[in-house]
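Sequences listed follow chains A and B, in order.
Going by our numbering, the letters in the first sequence line up with residues 1 to 149, in that order.
Going by our numbering, the letters in the second sequence line up with residues 1001 to 1149, in that order.
Worksheet: the structure to be examined is printed underneath.
There are 2 protein chains.
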Amino acid sequence: MPDPNPSVFFEVFNEIGIIEQLSRAVLEARLPDGLIAPHFTVLNHLCRVADGRTPVDMARAFQVPKTSMTHTLKGLEAHGLVELRPNPEDGRSKQVWLTDAGRALRSQTIAALGTEFARMAADFDTERLLAIRPVLTDLRIMMDAARDP
Amino acid sequence: MPDPNPSVFFEVFNEIGIIEQLSRAVLEARLPDGLIAPHFTVLNHLCRVADGRTPVDMARAFQVPKTSMTHTLKGLEAHGLVELRPNPEDGRSKQVWLTDAGRALRSQTIAALGTEFARMAADFDTERLLAIRPVLTDLRIMMDAARDP
DNA sequence: AACGTATAGTTCGAAATCGTATCAAATGGA
DNA sequence: TCCATTTGATACGATTTCGAACTATACGTT
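Below is the structure:
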């Protein structure tokens, strides 16, 4: 049947927008005052993927403007969670390194979220989440590839 | 098996955050200069659900602070897309009504998105979206009910 | 009716996002 | 080597988000 109704995109994106808002609230409720979701995202990225990366690398990874990354990093630095050092391989550039406090805050936040997610798992079958995850991943990959360069 | 791995929440929320960002970019690319996603969301809500509603009603519907709704409505009014009238049933309150221009812009944006979604549907099986939609809806309902009052 | 409380909307200020402009350093072709 | 172009980072300004404080109106109890 060749009528794939495109309005399902609309509905899915609508639900996704609401869930994003609610999940961001859950995260930010567990962060110290003055830190918000983008700060945690950067901490997490450095911890899991790429400690020592340059600001541009991370701006590209999250698809945010360079200026936004500068601002986020300034906040993290002011809280002593990351350290900015000159990049020995490029005089224009810097490297972003986690501090011990940064690593600790990340772990502590992950733990707090784990507790909350366990509570949620009592109300929502995680098998259903496991089932939709690959679809979300493929959707993200498709949209990522489709955005105009 | 009392250990449903809660980290799947983390992964799903992560994908949802990225998709939200990408889908918002798709929408805003099709809006006139000076209008962003929240403006469209309000237009759409008025059109589909509740023309003539009060600002507080809509703030509650979208779970944003009253002040944010004031700001969004001011932008829509400046563009001639909505009209704010006093509420005959409550002297403190107002009613938000769509103008013809507001209805037209909403239709036109929906149409443009429809074209884009049809393009996406060529690259992504909409059956998979149909399948995840109820899960997203139930997840949203669960989280909505779980947020602290 | 009178008064205390609750509610609708706005104003104001702080923080965040992001486009433009700017500067410094790297790169590459003549 | 020289110089135009590119690239990393920041400064600045406009817009957005949102909490706190404020005004005006409605409501409920007496």
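We treat Cβ as the ideally placed atom computed from N, Cα and C, and that holds for glycine.
Next on the checklist: Considering just the uninterrupted stretch of the beta strand (DSSP E) at Q1095/B, what are its terminal residues?
Outcome noted: 1094 to 1098
Checklist entry - Counting contacts by CB-CB distance shorter than 7 Å, is T1137/B in contact with chain A? => result yes
Checklist entry - L129/A and F1009/B look like a contact to me (Cβ under 8 Å); what is the Cβ gap, rounded to whole Å? => result 7 Å
Next on the checklist: Just verifying my parser: in three-state terms, what is the DSSP assignment at V1082/B?
Outcome noted: strand
Next on the checklist: Distance check for N5/A and R30/A, CA to CA, integer angstroms please.
Outcome noted: 40 Å
Checklist entry - Using a Cβ-Cβ distance under 7 Å, would E11/A count as near chain B? => result yes
Checklist entry - When you check each C-beta in the region 1079 to 1104 of chain B against every C-beta of chain A, which residues fall closer than 7 Å? => result none
Item to check | Contact list for E40/A against chain B, beta-carbon separation under 9 Å | outcome: Here residue 40/A is Phe; the residue named in the question, Glu, does not match the sequence. Residues of chain B passing the Cβ test: none, with the nearest at roughly 11 Å.
Checklist entry - Between E1028/B and chain A, is there a C-beta pair that is closer than 7 Å? => result no
Checklist entry - Hey, is M1142/B's beta-carbon within less than 7 Å of any beta-carbon in chain A? => result yes
Checklist entry - Going along chain B, which residues have a C-beta under 8 Å from T126/A? => result P1004, N1005, P1006, V1008, F1009
Next on the checklist: Here's the rule: buried if 16 or more other CB atoms are within 10 angstroms of the residue's CB, otherwise exposed. What is Q63/A?
Outcome noted: exposed
Next on the checklist: Using C-beta distances below 7 Å, list every residue in its chain close to A118/A, excluding the 5 sequence neighbours before and after it, in chain order.
Outcome noted: none
Checklist entry - If you run the structure through DSSP and keep just helix, strand and coil, what is I112/A? => result A small fix is needed here, since residue 112/A is Ala in this sequence, not Ile. Here A112/A sits in helix by DSSP.
Checklist entry - Can you tell me the Cα-Cα spacing of T115/A and I141/A, whole angstroms? => result 30 Å
Item to check | For I1019/B and M143/A, the rounded distance between their alpha carbons | outcome: 8 Å
Item to check | Neighbourhood of E11/A by C-beta distance below 8 Å, restricted to the same chain and skipping five residues each side | outcome: none
Next on the checklist: For N87/A, which residues in the same chain have their Cβ closer than 8 Å to its Cβ, ignoring the five residues on either side in sequence?
Outcome noted: T54, S93, K94, Q95
Checklist entry - Checking contacts by CB at 7 Å: is L1046/B closer than that to chain A? => result no
Item to check | Local Cβ density within 10 Å of H1071/B, reported as buried at 16 or more and exposed below that | outcome: exposed
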